[in-house]
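To start, the structure itself, in structure tokens.
The following block contains the structure:
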């Protein structure tokens, strides 16, 4: 992760890359871009962009929709509350049926056409604040009906601080108000990366889909790429739902949600190259230097698993010419299938196919 450099207010500490702030005029709250939306920025393929993202935690109605007051109650100084978060909460509205997420964009990628693949690579992710929130809300989470254990939604404030080796870690007390602390490593990533849908209505920000959106794959840290089938001209890319850390499953509903400044690169594969590299993608494909990570998405976790296995078989066939029955055998013997999340209405599973196993095959 990028080193925490103190609270990164809008426009502070920038380099010479194109910059997209999370200004209220450049975000959606609870919905995702659709075809025909006006881009807030237009770039050529291969461009690198610095983007500010804002976590929804501390902005929502059940938290008072006043970040200055919410975080102030947890001892955060006024100057360490993000000005763009305050502005969004004060000036933007969302329907109660909409999702919670603040989404920055959309960004037009010139020349992108339906059938192409947009590759969003996270180059750097830097915490904008030294704290985050982990929430559990009634009717949501893996143990809905059991948690929260009282009548109110639960928002757990979690500061980050360096350990003796200078590594920043998240911190939680063992008991409410207690002084015994458990700490855990940070691995910042974007829960939401996506392209606009070719639909009349804007998609809800919670369920992921072929457009990407709220896929919550914790492996998409700096250096990783998400490949997305373009649905509308220009792709209209967006990012949001910043995390400092997440476990596979994200069982409580949210993980350590907190605002990030990210640098991303937007690359484009035309339809011919995309088909040769990956075949026909029915859902997003994550990748890093060591693994290819096809995904499966469905309301039913069993069906999400089946969809992921089918996508993995198809990927191995398209990329390496592997026969389906042999790909199925390989996946059973050599590939981990992990639960991305079980809390976003549409559940996610991703596979981890080792690239090294296929060195020399291409």
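Numbering (our numbering), first residue to last: 54 to 415.
All C-beta atoms in this analysis are idealised placements derived from N, C-alpha and C, irrespective of residue type, glycine included.
Since the structure is predicted, the reported quantities are computational estimates derived from the model, not experimental observations.
I'd like the span of the beta strand (DSSP E) that includes residue i, first residue to last.
{"i": "residue 378", "result": "Residue 378 -> not in any beta strand (DSSP E); alpha helix (DSSP H) instead, spanning 377-387."}
{"i": "residue 321", "result": "313-322"}
{"i": "residue 155", "result": "155-162"}
{"i": "residue 226", "result": "221-226"}
{"i": "residue 177", "result": "170-180"}
{"i": "residue 211", "result": "207-215"}
{"i": "residue 238", "result": "234-238"}
{"i": "residue 186", "result": "184-189"}
Considering only C-alpha positions, which residue in the set the options is nearest to residue i?
{"i": "residue 151", "options": "357, 254 and 385", "result": "254"}
{"i": "residue 186", "options": "291, 375, 92 and 206", "result": "206"}
{"i": "residue 289", "options": "82, 158 and 139", "result": "158"}
{"i": "residue 343", "options": "194, 276 and 167", "result": "276"}
{"i": "residue 172", "options": "406, 278, 368 and 88", "result": "278"}
{"i": "residue 108", "options": "195, 322, 310 and 261", "result": "310"}
{"i": "residue 234", "options": "244, 223 and 243", "result": "223"}
{"i": "residue 184", "options": "124, 353, 270 and 201", "result": "124"}
{"i": "residue 139", "options": "122, 127 and 128", "result": "122"}
{"i": "residue 401", "options": "270, 388, 249 and 283", "result": "270"}
{"i": "residue 79", "options": "63, 200, 300 and 380", "result": "63"}
{"i": "residue 284", "options": "60, 348 and 88", "result": "88"}
{"i": "residue 293", "options": "313, 300 and 282", "result": "313"}
{"i": "residue 366", "options": "381, 99 and 126", "result": "381"}
{"i": "residue 175", "options": "74, 246 and 195", "result": "246"}
{"i": "residue 118", "options": "156, 82 and 202", "result": "82"}
{"i": "residue 263", "options": "170, 156, 91 and 129", "result": "170"}
{"i": "residue 280", "options": "335, 300, 227 and 296", "result": "335"}
{"i": "residue 75", "options": "103, 304 and 168", "result": "103"}
{"i": "residue 220", "options": "236, 232 and 228", "result": "236"}
{"i": "residue 129", "options": "227, 266, 211 and 373", "result": "211"}
{"i": "residue 193", "options": "405, 395 and 300", "result": "395"}
{"i": "residue 203", "options": "191, 374 and 110", "result": "191"}
{"i": "residue 353", "options": "371, 73, 195 and 146", "result": "195"}
{"i": "residue 339", "options": "240, 189, 403 and 383", "result": "403"}
{"i": "residue 145", "options": "291, 257 and 77", "result": "77"}
{"i": "residue 321", "options": "163, 375 and 110", "result": "163"}
Please report the distance separating the alpha-carbon of residue i from that of residue j.
{"i": "residue 446", "j": "residue 272", "result": "Outside the displayed range of the chain (54 to 415) lies residue 446, so it cannot be described from this structure."}
{"i": "residue 154", "j": "residue 413", "result": "43 Å"}
{"i": "residue 179", "j": "residue 213", "result": "13 Å"}
{"i": "residue 409", "j": "residue 360", "result": "24 Å"}
{"i": "residue 319", "j": "residue 362", "result": "28 Å"}
{"i": "residue 142", "j": "residue 148", "result": "13 Å"}
{"i": "residue 337", "j": "residue 358", "result": "14 Å"}
{"i": "residue 197", "j": "residue 96", "result": "43 Å"}
{"i": "residue 136", "j": "residue 261", "result": "29 Å"}
{"i": "residue 249", "j": "residue 287", "result": "9 Å"}
{"i": "residue 438", "j": "residue 328", "result": "Here the chain covers residues 54 to 415 and nothing more, so residue 438 does not appear."}
{"i": "residue 387", "j": "residue 369", "result": "13 Å"}
{"i": "residue 98", "j": "residue 350", "result": "28 Å"}
{"i": "residue 315", "j": "residue 238", "result": "19 Å"}
{"i": "residue 201", "j": "residue 407", "result": "39 Å"}
{"i": "residue 113", "j": "residue 165", "result": "35 Å"}
{"i": "residue 133", "j": "residue 298", "result": "20 Å"}
{"i": "residue 392", "j": "residue 242", "result": "17 Å"}
{"i": "residue 217", "j": "residue 252", "result": "51 Å"}
{"i": "residue 330", "j": "residue 100", "result": "21 Å"}
{"i": "residue 268", "j": "residue 244", "result": "6 Å"}
{"i": "residue 295", "j": "residue 345", "result": "22 Å"}
{"i": "residue 399", "j": "residue 306", "result": "13 Å"}
{"i": "residue 106", "j": "residue 325", "result": "33 Å"}
{"i": "residue 389", "j": "residue 308", "result": "22 Å"}
{"i": "residue 303", "j": "residue 356", "result": "19 Å"}
{"i": "residue 323", "j": "residue 168", "result": "7 Å"}
{"i": "residue 364", "j": "residue 131", "result": "48 Å"}
{"i": "residue 92", "j": "residue 282", "result": "18 Å"}
{"i": "residue 372", "j": "residue 229", "result": "51 Å"}
Taking DSSP's pairing of strands, which residues face residue i in a bridge?
{"i": "residue 295", "result": "243"}
{"i": "residue 402", "result": "349 and 392"}
{"i": "residue 266", "result": "246"}
{"i": "residue 278", "result": "174 and 340"}
{"i": "residue 407", "result": "344"}
{"i": "residue 290", "result": "160"}
{"i": "residue 197", "result": "200"}
{"i": "residue 309", "result": "298"}
{"i": "residue 257", "result": "84"}
Over what stretch of residues does the alpha helix (DSSP H) that includes residue i continue unbroken?
{"i": "residue 372", "result": "354-373"}
{"i": "residue 70", "result": "No alpha helix (DSSP H) contains residue 70, which DSSP labels as neither H nor E."}
{"i": "residue 136", "result": "136-144"}
At the 8 Å Cβ level, is residue i part of the contact set with chain C, yes or no?
{"i": "residue 254", "result": "No chain C is present in this structure, which holds just one protein chain."}
Exercise. What are the complete alpha helix (DSSP H) segments, minimum 4 residues, inside the region 72-130?
Worked result: DSSP runs (the alpha helix (DSSP H)) wholly in the region 72-130: 120-125.
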